[in-house]
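K.L.:
The numbering of the sequence shown is my numbering, which starts it at 389 and goes up by one.
Glycine included, each C-beta is placed from N, C-alpha and C at the ideal position.
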Amino acid sequence: MNTNNPNPRFVHSRFKLNGFHLTAEDLCRVAYSFIKEGDAFEKHIGMFILDWFDSKDYVLMQTSGTTGTPKTIEVSKQAMVNSAVATGEYFNMTEGIRALHCLPTQYVAGKMMLVRAFILGWDMDIAEPTATPLDRNDHVYDFAAMVPLQAQQSVKKLNQVKTLILGGAKVSSTLASELQNLPTEVFETYGMTETITHIAAKHIDEPAFEALPNITLSTDSRGCLIIHADGLTNEPVVTNDVVDVINKTHFIWLGRYDNVINSGGIKLYPEQIEEKLAAHINRRLFVKGMPDEALGEKLVLVVEGETYDINPDVFSILDKYERPKEVLFTNKFAETGSGKLQRAETLRNI
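Structure representation (structure tokens):
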């Protein structure tokens, strides 16, 4: 990672927020105003700005549990700057580009959008992080970051964004097909709080993720991804994501190790089964293993919403061992505060 990157208190001379050139001192005044008089999402922006420009060399963040039990960690501000520079290099988003910030700033992705703008000199507009952030907005943006739900709800307006990155959840095959027909260049990203958002990205029509600059990859004995990110983390990050590593900078994501189902000695990857079913069942769903005397674990399908009869032909797209032994329905899936599905909790509720 480039050791000549700016220090965290640097604010690029080209940086704008909602159309106004602002220095570090200006930003702190705006932050106080947001906290005192702003909407809820602006208060979070204000609190982060004050954290960013205080005397500490780190920011406290809550992990999502991607690499273990959720916890509060100290994230180096210089590492966040290094991450911002790497993103700018990879996507060729240089000074003066117009960007849209529409993610919640209490999470790492929202924080990093601000850091990128400060450091790289972006002209950034802030929108409330709703499911439809482009509503009543006709501006054209060079760059934006969204979660898949926002992209799904904004398909008809995404031609206003030239380059869009998606993260926070897997992009479904159905959504990917919709997005391929747009003039927008869309990337799915891979990362987590511990790696300061994305460390890899791929075009939505490609199978393999490519690592950002100065990131290398390997796997452990479980087949799970290990991320070597000098300048972002002090030591390698061992994930629970089962991957097929093509080389040191490219990998195909297979699924979560803690989701893998061992049914009669056959390993099943729920995420791959879910992707096949999502194209034929127009509801949120997931598959999970449940204890079974004969198989060890049996595969069950859980569908959100009222009970209905699913056409058996739907399951013909699945391999023999991928077909669910039981179908369950629930009114509402359990989720984390950041909107990630809680499979085990949902099943307990049922």
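Quick one: using the 10 Å Cβ neighbour count with 16 as the cut-off for buried, is residue 397 buried or exposed?
P.N.:
With fewer than 16 Cβ atoms within 10 Å of its Cβ, residue 397 is classed as exposed.
K.L.:
Going by DSSP in three states, residue 562 sits in which element: helix, strand or coil?
P.N.:
In the structure shown, residue 562 sits in a helix (DSSP, three-state: H, G or I).
K.L.:
Can you check which of these residues, 582, 567, 442, 681, is closest to residue 618 by C-alpha distance?
P.N.:
Of the listed residues, the one whose Cα sits closest to residue 618 is 582.
K.L.:
Can you tell me whether DSSP reads residue 448 as helix, strand or coil?
P.N.:
If DSSP states are grouped into helix, strand and coil, residue 448 belongs with the strands.
K.L.:
Specify whether the region 549 to 562 and the region 522 to 533 touch according to this definition: at least 3 beta carbon pairs, one from each stretch, less than 8 Å apart.
P.N.:
At 8 Å Cβ cutoff, the stretches touch.
K.L.:
Where does residue 515 fall in DSSP's three states?
P.N.:
In the structure shown, residue 515 sits in coil (DSSP, three-state: anything other than H, G, I, E or B).
K.L.:
If contacts are defined as beta-carbon pairs under 8 Å, then residue 538 and residue 490 qualify, I think. What distance do you get, rounded to the angstrom?
P.N.:
With a Cβ gap of about 7 Å, residue 538 and residue 490 count as contacting.
K.L.:
Report the CB separation of residue 420 from residue 434 in whole angstroms; it is logged as a contact under 8 Å.
P.N.:
That belief holds up - the Cβ atoms of residue 420 and residue 434 are roughly 7 Å apart, short of 8 Å.
K.L.:
Buried or exposed, going by whether 16 or more other CB atoms sit within 10 Å of the CB of residue 696?
P.N.:
Answer is exposed; the Cβ neighbour count stays below 16.
K.L.:
Ignoring anything shorter than 3 residues or poking outside the region 674 to 714, list the beta strand (DSSP E) runs there in chain order.
P.N.:
Segments of the beta strand (DSSP E) lying fully in the region 674 to 714: 684 to 692.
K.L.:
Got a sec? Which residues, its chain only, sit under 6 Å from residue 439 by beta carbon, not counting five neighbours each side?
P.N.:
Cβ within range, chain order: 447.
K.L.:
Leaving out five residues before and five after residue 507 in sequence, what residues of the same chain have Cβ atoms less than 6 Å from its Cβ?
P.N.:
Closer than 6 Å at Cβ, skipping near neighbours: 394, 469, 472.
K.L.:
Determine whether the beta carbon atoms of residue 600 and residue 451 lie at a separation below 8 Å.
P.N.:
Their beta carbons are not under 8 Å apart, which means residue 600 does not touch residue 451 by this criterion.
K.L.:
DSSP three-state call for residue 459: helix, strand or coil?
P.N.:
In the structure shown, residue 459 sits in coil (DSSP, three-state: anything other than H, G, I, E or B).
K.L.:
Any heavy atom of the ligand PLP closer than 7 Å to the Cβ of residue 397?
P.N.:
The ligand content of the structure shown is nil, which means the ligand PLP is not present either.
K.L.:
Is the CB-CB distance between residue 748 and residue 737 below 8 Å?
P.N.:
Any question about residue 748 goes unanswered here, given that the chain covers just 389 to 738.
K.L.:
Since I believe residue 492 is in contact with residue 484 (beta carbons under 8 Å), could you give me their beta-carbon distance rounded to a whole number of angstroms?
P.N.:
Contact flag wrong, Cβ pair sits at about 26 Å.
K.L.:
Classify residue 654 as helix, strand or coil using the three-state DSSP reduction.
P.N.:
Residue 654 falls in the strand class under three-state DSSP.
K.L.:
Is it buried or exposed, residue 700, if we count other Cβ atoms within 10 angstroms and call 16 or more buried?
P.N.:
The residue in question, residue 700, is exposed, as its Cβ has fewer than 16 Cβ neighbours within 10 Å.
K.L.:
Who does residue 717 pair with in a DSSP beta bridge?
P.N.:
BP columns for residue 717 point to 691.
K.L.:
Per DSSP, what kind of secondary structure is residue 638 in: helix, strand or coil?
P.N.:
Note: residue 638 maps to strand in three-state DSSP.
K.L.:
With 16 as the cutoff for other CB atoms within 10 Å, does residue 658 come out buried or exposed?
P.N.:
Flag for residue 658 reads buried.
K.L.:
Using alpha carbons as the reference points, say which of 632, 679, 488, 526 lies closest to residue 610.
P.N.:
Nearest of 632, 679, 488, 526 to residue 610, Cα basis: 632.
K.L.:
Determine the DSSP secondary structure at residue 423, reduced to helix, strand or coil.
P.N.:
It is helical.
K.L.:
Name the DSSP bridge partner or partners of residue 404?
P.N.:
409, 511.
K.L.:
Return the bridge partner residues of residue 612 from the DSSP annotation.
P.N.:
According to DSSP, residue 612 bridges with 630.
K.L.:
Out of 703, 652, 640, state which residue places its alpha-carbon closest to the alpha-carbon of residue 746.
P.N.:
As shown, the chain starts at 389 and ends at 738. That puts residue 746 outside it, with no answer to give.
K.L.:
Please return the same chain residues whose Cβ sits closer than 6 Å to the Cβ of residue 585, not counting the five positions on each side in sequence.
P.N.:
Hits under 6 Å: 496, 497, 500, 579.
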